[in-house]
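S.K.: The numbers in this note's numbering rise by one with no breaks, and the one at position 13 of the sequence shown is 810. Cβ coordinates follow ideal geometry from the N, Cα and C atoms, glycine included. Every value quoted in this text rests on a predicted model; they were computed, and no experiment measured them. Handing you a structure now.
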Amino acid sequence: MQNERDLFDMLKEMYPQHPRKEFVSATENTLRHRARSMSKKRILTKFSAVTSGVLVCAFIFSWLLFFNENGKISEVIQSVGGTSSSYAMDEKEPLVYIYHSHNMESFIPELPEQKTDWMVNSQTKNVTLVGKELSRALKEMQVPSIHDETDIAGILKQRGLYFPDSYKVSRENLQKVLAENDSVRMVFDIHRDSTKRRESTIEIKGKEYARIKFVVSKTSGNYETNKRFATQLHKQLEELYPGLSIGVIEKGINPQNTYNQELHDNSVLLEMGGIENTLEEMYRTTDIFAQVLKDILEKSK
């Protein structure tokens, strides 16, 4: 049977989050003290070591769930049907909200086991990683953001819904976040385009980048405002890296699908790269895009 120290060390090795030594030491001592007090009161005396270990495990799990070394809070939202939604939020008032209605969209080069290219999806190596990189890049530039990593595909399956219902599900978190954070000034639903490499990639200064497309719903109540915002993003990118942006695409085939853009004035659907791009190429574009967002936010102060 493992003692308290063994359990604590094992958990630290499994989840290397690196909290401050003073924080770990103080918390461990507090838990030990409580376990000894329970023992003195003759409550399950012979299981005191196990109880202490459970308390330590509970603490570590809670710490991992709600905090990490970058000072972010992970919020878990219980959805209908028991499926959890989650997003990571900076401590400061968030300015940018990032989410993924089609969270499993992936890339052929990242899936060596993939035999066909007609459905490039992955539970782990998908477009969610691109949103995570954008959030990281923004944080380095002191731009607080929320990155929603909710498994929309999983929720659809759990609720017995279909793929076209993806935007209805992603809308739930978006509405909740906007209601609780009036500081949000930009909203991006990041997707991966279905185009081939020759259309989705550009070489700039010897390096290859995934191109980016800005999609605006013509049936949204915020159509004009969102179009101006998307056009601004396109022009800013063109100034930095000509050709990196494919441009602003207006879609209005299905009047019922507004891509949730009526919920916020500066809301755009991003199609980054294509099925034949690598994550590295996506990240290069994402880091440049983060700089564009920072510049726009600073100019609008």
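(1) Under a three-way DSSP split, which group does Gly-1018 fall into?
(2) What does DSSP give as the partner residues of Thr-998 in its beta bridges?
(3) What are the uninterrupted segments assigned as beta strand (DSSP E) that are 3 or more residues long and contained completely in the segment 880-944, given in chain order?
(4) Taking 7 angstroms as the cut-off, decide whether the C-beta atoms of Arg-968 and Asn-1023 are in contact.
(5) In whole angstroms, what separates the C-alpha of Gly-928 from that of Ile-987?
(6) State the DSSP-derived secondary structure class of Phe-1036, mapped to helix, strand or coil.
(7) Measure the C-alpha to C-alpha separation of Gln-955 and Tyr-894 and round it to an integer number of angstroms.
(8) Who are the Cβ neighbours of Tyr-1080 in its own chain at under 7 angstroms, not counting the five residues just before and after it?
(9) Please determine if the segment 946-963 and the segment 1031-1048 are in contact, where contact requires at least 3 C-beta pairs separated by less than 8 angstroms.
(10) Quick one: grab the DSSP three-state call for His-988.
(11) Rounded to a whole number of angstroms, what is the C-alpha to C-alpha distance between Gln-939 and Ile-1093?
(12) Over the uninterrupted alpha helix (DSSP H) stretch that includes Ser-967, give me the two end residues.
(13) Does DSSP classify Lys-1024 as helix, strand or coil?
(14) Beta-carbon of Phe-1026 versus every beta-carbon of chain B: anything under 7 angstroms?
M.R.: Taking the geometry as given:
(1) coil
(2) Ala-1007
(3) 881-887, 893-896
(4) no
(5) 7 angstroms
(6) Reading off the sequence shown, one finds Glu at residue 1036, where the question assumed Phe. Of the three classes helix, strand and coil, the one that applies to Glu-1036 here is helix, per DSSP.
(7) 25 angstroms
(8) Result list for Tyr-1080: Glu-930, in chain order.
(9) Short answer: they don't touch.
(10) strand
(11) 14 angstroms
(12) 963-977
(13) helix
(14) No chain B is present in this structure, which holds just one protein chain.
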